[in-house]
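Asks:
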Amino acid sequence: AQSVTQPDIHITVSEGASLELRCNYSYGATPYLFWYVQSPGQGLQLLLKYFSGDTLVQGIKGFEAEFKRSQSSFNLRKPSVHWSDAAEYFCAVGQSGGSYIPTFGRGTSLIVHP
Amino acid sequence: NAGVTQTPKFRILKIGQSMTLQCTQDMNHNYMYWYRQDPGMGLKLIYYSVGAGITDKGEVPNGYNVSRSTTEDFPLRLELAAPSQTSVYFCASRRDRETGELFFGEGSRLTVL
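Chains A and B, in that order, are what the protein sequence lines are. 309 is the number that the working numbering gives the last residue of the first sequence; the numbers go up by one with no jumps. 281 is the number that the working numbering gives the last residue of the second sequence; the numbers go up by one with no jumps.
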């Protein structure tokens with residue numbers, strides 16, 4: 196069965212600092228990978244996704260993520276964090292080849308200090 | 169451009185009451201999902217549907233029921249509400265089976281007292 200691990204429950208960074216949120220997945224075949232962001236009181240919004248091809252994926256709001264098959268990871272990065280990036284971030288995995296049930300990690304809460 | 173619409177946004181129930189959370193989407197998506205979100209637990213799948221007339225259980229279906237009579241609507245029914253069902257509920261839809269992103273509603277916060 197597929198699974199997603201986000202090892203960090205909370206991450207605190209200063210505004211302007213770089214950010215990396217970790218995501219590890221467990222799945223035997225080629226996964227489809229997603230990062231979603233949830234602002235307080237809102238639903239989830241897609242930041243970026245990886246299906247195939249270039250392993251470095253660009254998303255909205257200046258985020259990027261890199262798929263590393265050897266490490267089963269899909270870490271999210273941003274070179275300079277803005278106060279408005281404070282939110283909950285979820286990594287999700289979907290199976291290739293027919294599954295239609297995406298699995299979500301537990302989420303990482305990002306706190307941004309001024 | 170409505171997307172996925174959930175109602176109500178907030179609701180307080182007494183133990184044993186029943187209610188229906190409404191979800192409708194205007195994107196003609198076949199795949200629809202109900203998740204619940206509890207603090208620190210991420211999203212847990214309750215039920216999902218791959219098209220009108222077809223539904224199936226997810227990870228945590230006990231105490232809930234769904235129906236899918238049209239492509240647009242996917243209501244979630246809570247029977248005999250219990251405090252353990254206090255949560256935030258999200259409805260989501262998806263265009264295609266394999267690669268499509270999920271589009272989420274804004275959530276329904278339910279408290280059972």
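In this text, a Cβ means the ideal position worked out from N, Cα and C, and glycines have one as well. Quick caveat, the model's predicted, so the values are computed rather than measured.
Taking the straight line between their C-alpha atoms, what separation do you get for Gly273(B) and His308(A)?
Replies: Approximately 29 angstroms, taken between the alpha carbons.
Asks: Checking the sheet assignment: what are the DSSP bridge partners for Trp202(B)?
Replies: Answer by DSSP bridge pairing, in chain order: Tyr215(B), Cys259(B).
Asks: Name the one or two DSSP bridge partners that Cys286(A) has.
Replies: DSSP, once it has assigned bridges, lists Trp230(A) as partnering Cys286(A).
Asks: My assumption, with CB atoms under 8 angstroms, is that Leu270(B) sits in contact with Tyr201(B). Please give the rounded CB distance.
Replies: Indeed, because the Cβ distance is near 7 angstroms, the residues count as touching under 8 angstroms.
Asks: Does the structure place the stretch 174 to 181 of chain B close enough to the stretch 219 to 227 of chain A that three or more beta carbon pairs sit under 8 angstroms?
Replies: No, they do not touch.
Asks: For a contact meaning CB atoms closer than 8 angstroms, what does Arg301(A) contact in chain B?
Replies: Simply Gly208, Met209, Gly210.
Asks: For Ser237(B), which residues from the same chain have a beta carbon less than 8 angstroms from its beta carbon, with the 5 sequence-adjacent residues on both sides left out?
Replies: The answer, listed in chain order, is Ala220, Gly221.
Asks: Could you please tell me which residues of the stretch 209 to 238 of chain B, in chain order, have their CB closer than 8 angstroms to any CB of chain A?
Replies: The residues in question are Met209, Gly210, Leu211, Leu213, Tyr216, Val218, Gly226.
Asks: For Ser279(A), name the three-state secondary structure that DSSP assigns.
Replies: Here Ser279(A) sits in helix by DSSP.
Asks: What residues from chain B crowd round Phe229(A), counting only those whose CB sits closer than 7 angstroms?
Replies: Result: Glu269.
Asks: Could you say which of Ile296(A), Tyr284(A), Glu283(A) lies nearest to Arg262(B) if we only look at CA atoms?
Replies: Comparing Cα-Cα distances from Arg262(B) to each of Ile296(A), Tyr284(A), Glu283(A), the minimum goes to Ile296(A).
Asks: Pick out whichever of Gly300(A), Ser275(A), Asp280(A), Ser279(A) has its Cα sitting closest to the Cα of Ser213(A).
Replies: Considering only alpha carbons, the answer is Ser275(A).
Asks: From what residue to what residue does the beta strand (DSSP E) around Arg315(A) run?
Replies: Nothing about residue 315(A) can be read from this structure; chain A reaches only from 196 to 309.
Asks: Give a yes or no on whether the minimum CB-CB distance between Phe258(A) and chain B is below 9 angstroms.
Replies: Phe258(A) does not count as touching chain B.
Asks: Leaving out five residues before and five after Ala282(A) in sequence, what residues of the same chain have Cβ atoms less than 7 angstroms from its Cβ?
Replies: Counting only Cβ-Cβ distances below 7 angstroms, and skipping sequence neighbours, we find Val232, Gln233, Ser234, Leu305.
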